[in-house]
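**Student:**
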Amino acid sequence: MPSRAVPPKAERLRGTAGIVVPSLADLAKRLEYAGKEIKRVVGDARRFSYTVKKDCIEATDPWGTHIRCHAPGPEYGPIELGIAYVDFDVPPGAAEGIARFYTDVMRAPALAKKGRATVAIGRNQKLYFTETKAKLPEYDGHHIQVYIADFSTPYEWLIERNLITMETDANEWRFQWIVDPKNGKKLFQIEHEVRSMKHHLFNRPLVNRNHGITNMTYQYGQDAFKGIT
0 MPSRAVPPKA ERLRGTAGIV VPSLADLAKR LEYAGKEIKR VVGDARRFSY TVKKDCIEAT
60 DPWGTHIRCH APGPEYGPIE LGIAYVDFDV PPGAAEGIAR FYTDVMRAPA LAKKGRATVA
120 IGRNQKLYFT ETKAKLPEYD GHHIQVYIAD FSTPYEWLIE RNLITMETDA NEWRFQWIVD
180 PKNGKKLFQI EHEVRSMKHH LFNRPLVNRN HGITNMTYQY GQDAFKGIT
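Below, the structure is given as structure tokens:
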């Protein structure tokens, strides 16, 4: 995905973003149209591609980030349109230490099993860290944002080890390295933008656009997605 750097640069997630959408059939139609428009305007599809599978749609955006789209289901709780998980590719042997980091340092429920760490980060939302033998691309600066209830304890642990990379204000700080609290070994690099629940943007209403509305079918007051009907 393009960054806000000047000039913009492409940042690619080292893994897969899992997104729930109201209708896979409708999404497939929009992706088909998008692919044609990209070729028409740009001249080629860049990295854009998608594959319709039995239970999901696997897609790659024009900058190379892999996205897996799912229909709503019990495993995603009430989510009908939103991010359900991010699945990071990590080096062999990293999963157990990563689970320890989130449990011991970030105070988030986590477990490691069969080469994969699973971290609960919200209602029906998860971070996965899946071990792979494939060579990982160099980290390019992309980040995730999280809100945590215990804001000071992880901060104190991280700053004692010189792992804090930015202190924005009293309610936000960042770090990049996930380390094993057992031995301090650096396991995986992904910037976390960490905010407290006193941050002025906490619980901010986020508007998901109604994908069924176009210029030709526009209805006043129906811009926001209000759920499957």
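Per numbering that gives the first Met the number 0, residue 0 is the first one in the sequence shown, and the count goes up by one each step. Ideal Cβ positions, reconstructed from N, Cα and C, are used throughout, including at glycine. All of these numbers come straight from a predicted model, not from anything done at the bench.
Where does residue 22 sit, in a helix, a strand or coil, going by DSSP?
**Tutor:** Note: residue 22 maps to coil in three-state DSSP.
**Student:** Please state the DSSP three-state secondary structure of residue 13.
**Tutor:** Reduced to three states, the DSSP call for residue 13 is coil.
**Student:** Quick one: residues in its chain with C-beta nearer than 8 Å to the C-beta of residue 181, no 5 flanking neighbours on either side, listed in chain order?
**Tutor:** The residues are 96 and 99.
**Student:** According to DSSP, which residues form a beta bridge with residue 262?
**Tutor:** No answer is possible for residue 262: the residues shown for the chain start at 0 and end at 228.
**Student:** What is the rounded straight-line gap between the Cα of residue 114 and the Cα of residue 174?
**Tutor:** Cα to Cα, the separation comes out at about 24 Å.
**Student:** Which residues in the same chain have their Cβ closer than 8 Å to the Cβ of residue 49, if we skip the five residues on either side of it in sequence?
**Tutor:** Counting only Cβ-Cβ distances below 8 Å, and skipping sequence neighbours, we find 27, 30, 34, 56, 57, 58 and 59.
**Student:** Quick check: residue 89 and residue 101, are their CB atoms within less than 7 Å of each other?
**Tutor:** No. Outside cutoff.
**Student:** If you count every other CB in all the chains shown that lies within 10 Å of the CB of residue 84, and 16 or more means buried, which is it?
**Tutor:** Per the 10 Å Cβ criterion, buried.
**Student:** State the start and end residues of the unbroken alpha helix (DSSP H) segment that holds residue 155.
**Tutor:** Note, residue 155: alpha helix (DSSP H), 151 to 159.
**Student:** Compare the C-beta of residue 36 against all C-beta atoms of chain C and say whether one is closer than 7 Å.
**Tutor:** Of the chains in the structure shown, none is chain C; there is only one protein chain.
**Student:** Give me the residue from 192, 184 and 64 with the minimum Cα distance to residue 172.
**Tutor:** Considering only alpha carbons, the answer is 192.
**Student:** Please determine, among 150, 42 and 187, the residue with the shortest C-alpha to C-alpha distance to residue 140.
**Tutor:** Among 150, 42 and 187, the Cα nearest to that of residue 140 is on 187.
**Student:** By the DSSP assignment, the beta strand (DSSP E) with residue 87 in it spans what residues?
**Tutor:** Start and end: 81 to 89.
**Student:** What number of angstroms, rounded off, separates the C-alpha of residue 39 from the C-alpha of residue 178?
**Tutor:** When rounded, the distance between both Cα atoms is 46 Å.
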